[in-house]
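Notes follow once the structure below has been shown.
2 protein chains.
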Amino acid sequence: MPNKTDSDAGQTSAFDTEAVKPRRPLREPRRSLAIGLLRAREAVMSHFRPILAAHDVTEQQWRVIRVLYEGGKLDATELADKASILAPSLTRMIRLLEERGFITKHKDEADGRRVLLQITPAGETLVTEVMPESLKVYADIDARFGVQRVEQLLDMLQELASLKLENGSVGEE
Amino acid sequence: MPNKTDSDAGQTSAFDTEAVKPRRPLREPRRSLAIGLLRAREAVMSHFRPILAAHDVTEQQWRVIRVLYEGGKLDATELADKASILAPSLTRMIRLLEERGFITKHKDEADGRRVLLQITPAGETLVTEVMPESLKVYADIDARFGVQRVEQLLDMLQELASLKLENGSVGEE
DNA sequence: TTTGAAAAATTCTCATGTTAATCAATGGGA
DNA sequence: TCCCATTGATTAACATGAGAATTTTTCAAA
Chain A
0 MPNKTDSDAG QTSAFDTEAV KPRRPLREPR RSLAIGLLRA REAVMSHFRP ILAAHDVTEQ
60 QWRVIRVLYE GGKLDATELA DKASILAPSL TRMIRLLEER GFITKHKDEA DGRRVLLQIT
120 PAGETLVTEV MPESLKVYAD IDARFGVQRV EQLLDMLQEL ASLKLENGSV GEE
Chain B
0 MPNKTDSDAG QTSAFDTEAV KPRRPLREPR RSLAIGLLRA REAVMSHFRP ILAAHDVTEQ
60 QWRVIRVLYE GGKLDATELA DKASILAPSL TRMIRLLEER GFITKHKDEA DGRRVLLQIT
120 PAGETLVTEV MPESLKVYAD IDARFGVQRV EQLLDMLQEL ASLKLENGSV GEE
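Line by line, the protein sequences are chains A and B. Sequential numbering of the first sequence, starting at 0, is according to numbering that gives the first Met the number 0. Sequential numbering of the second sequence, starting at 0, is according to numbering that gives the first Met the number 0.
Below, the structure written as structure tokens:
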């Protein structure tokens, strides 16, 4: 209902240079999922950033290294997907991570288009150093929020991520 | 399905230049909140991006304009906080949004340090055009996911965002 | 075999995130 | 009144997000 007007109840006219009347929103600033997810994520990350910063790696770099640690040798597409990083971003990151000696890169013998990435011993060392602290934070969240509810939240997030809505603007097949 | 020769299912020592043994992760790649929130948010936004793109505004620009539409005249700090945007980002955005005529900027008479931002009629027009479509997407999500559960999810996200953990690495006092 | 579409990376360009440093204005206390 | 710590905003530098265009390589159909 875009019905506005509704005669601005109260106030107004404390300062009007033009006809900027609609002092009243179309609807109450209802909580939105987009913002809610953003804020929650920001809050969670704020607890990890100090840890990662202490090891001089960004959040995204950590994701890439962690995925390679768990996944072994992967091609760029798989890696980007598992680490939730865009291909162009990954391309840039690979250069830096390789220079810093955390990962190695080499062409796929079978398919010349593919680039295979793999973690190095140095990268594994980083993981073994950061992981414990990371787990500690999650343990803390579990304690404060409740393991049960964390699991429930993860379930909902997962389901939300796999939702297919009307206008298939993102269908991938 | 290309790839997946799965040559080294039996892990270990297929290639070790050093002591790269830990072919096995420290723990199962357990679902993490950080990633879960990221993916869920990405999924949700994928439904809004086309709408915003059609009006040539980014997600962040939309948040700023929307907040100003609802909040009237705000200073940069308030705006940044309500729109969940960092101050440096907002500074950059202000220039662009002002050039495009969506907002106006002027110093605070009382406090010369503050910058007051306000939406323009053009900005309000944008809101009235985008908002309906935006609401449609949320309505769709409500339908698919369940209004009840969306509310529940929002509650959990909000609570998660306000969690205070042990190591006050972000405590604000 | 040749050709053209599709796949996988990369490159470009612009906008924002993140942190640190800097600038400008304010306000309280010596 | 003057000085300085604080506050609010901006700038700088680097990394990533997002989308479009380009390059290289595959692969399948003609």
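Think of the CB as a built atom: it goes at the ideal place given N, C-alpha and C, for glycine as much as any other residue. Just so we're clear, the structure is a prediction, and the values are computed from it rather than from any experiment.
Through-space distance from residue j to residue i, alpha-carbon basis
i	j	result
Arg-65 of chain A	Ala-160 of chain B	25 Å
Met-155 of chain B	Ala-142 of chain A	15 Å
Leu-25 of chain A	Glu-158 of chain B	Note that Leu-25 of chain A scores a pLDDT of 47, beneath 50, so its modelled location is shaky; the value from the coordinates is reported in the next line. Whole-angstrom Cα-Cα distance: 27 Å.
Pro-120 of chain B	Phe-101 of chain B	8 Å
Ile-84 of chain A	Gln-59 of chain A	7 Å
Ala-33 of chain B	Thr-90 of chain A	22 Å
Tyr-137 of chain A	Arg-148 of chain A	13 Å
Arg-94 of chain A	Ile-93 of chain B	33 Å
Glu-98 of chain A	Glu-150 of chain A	38 Å
Ala-109 of chain A	Asp-80 of chain A	21 Å
Arg-29 of chain B	Leu-115 of chain B	46 Å
Ala-52 of chain B	Leu-153 of chain B	26 Å
Glu-17 of chain B	Val-126 of chain A	Residue placement at Glu-17 of chain B is flagged as unreliable, the pLDDT there being 42, under the threshold of 50; the coordinate-derived value follows with that caveat. Each residue's alpha carbon lies about 16 Å from the other.
Reduced DSSP category for residue i - H, G, I as helix; E, B as strand; rest coil
i	result
Thr-57 of chain A	coil
Lys-135 of chain A	helix
Thr-124 of chain A	helix
Leu-78 of chain A	helix
Leu-116 of chain A	strand
Leu-73 of chain A	strand
Ile-64 of chain A	helix
Ile-84 of chain A	coil
Arg-26 of chain B	Low local confidence applies: a pLDDT of 48 at Arg-26 of chain B is under 50, so the model's placement there is unreliable, with the coordinate-based value given in what follows. If DSSP states are grouped into helix, strand and coil, Arg-26 of chain B belongs with coil.
is_contact[residue i, chain A] using C-beta, thresh 8 Å
i	result
Ile-140 of chain B	yes
Gln-157 of chain B	yes
Ala-39 of chain B	yes
Met-44 of chain B	yes
Arg-148 of chain B	yes
Ser-83 of chain B	yes
Phe-47 of chain B	yes
Arg-113 of chain B	no
Ala-160 of chain B	yes
Arg-30 of chain B	yes
Leu-51 of chain B	no
Given residue i as reference, the closest of the options once Cα atoms are compared
i	options	result
Leu-134 of chain B	B:Gln-59, B:Gly-145, B:Phe-47 and B:Asp-107	B:Phe-47
Arg-62 of chain B	B:His-105, B:Gln-147 and B:Met-130	B:Met-130
Glu-174 of chain A	A:Glu-132, A:Ile-93, A:Val-146 and A:Glu-123	Summary: the structure shown does not reach residue 174 of chain A, with chain A confined to residues 0 through 172, and so no result is reported for it.
Lys-106 of chain A	A:Arg-94, A:Ala-79, A:Asp-74 and A:Glu-97	A:Asp-74
Val-43 of chain A	A:Ile-140, A:Gly-145 and A:Thr-76	A:Ile-140
Glu-128 of chain A	A:Met-92, A:Glu-41, A:Leu-37 and A:Val-56	A:Val-56
Arg-112 of chain B	B:Pro-87, B:Ala-53 and B:Thr-76	B:Thr-76
Leu-162 of chain A	B:Ser-31, B:Arg-30 and B:Glu-41	B:Glu-41
Gln-117 of chain B	B:Glu-98, B:Gly-71 and B:Leu-125	B:Gly-71
Leu-67 of chain A	A:Val-146, A:Lys-104, A:Gly-145 and A:Leu-37	A:Lys-104
Glu-132 of chain A	A:Leu-96, A:His-54 and A:Phe-144	A:His-54
Neighbour flag for residue i against chain B, beta carbons, 8 Å
i	result
Pro-21 of chain A	Because the pLDDT of Pro-21 of chain A is 48, which lies under 50, any placement of that residue in the model is unreliable, and the number read from its coordinates should be weighed accordingly. Chain B contact via Cβ: present.
Val-63 of chain A	no
Arg-143 of chain A	yes
Ala-33 of chain A	yes
Leu-67 of chain A	no
Arg-99 of chain A	no
Heavy atom of the ligand NAP within 7 Å of residue i beta-carbon
i	result
His-54 of chain A	Absence of the ligand NAP from the depicted structure is noted, as is the absence of any ligand whatsoever, leaving it without description.
For residue i: DSSP bridge partner residues
i	result
His-46 of chain A	Answer by DSSP bridge pairing: none, since His-46 of chain A is not bridged.
Ile-102 of chain B	B:Ile-118
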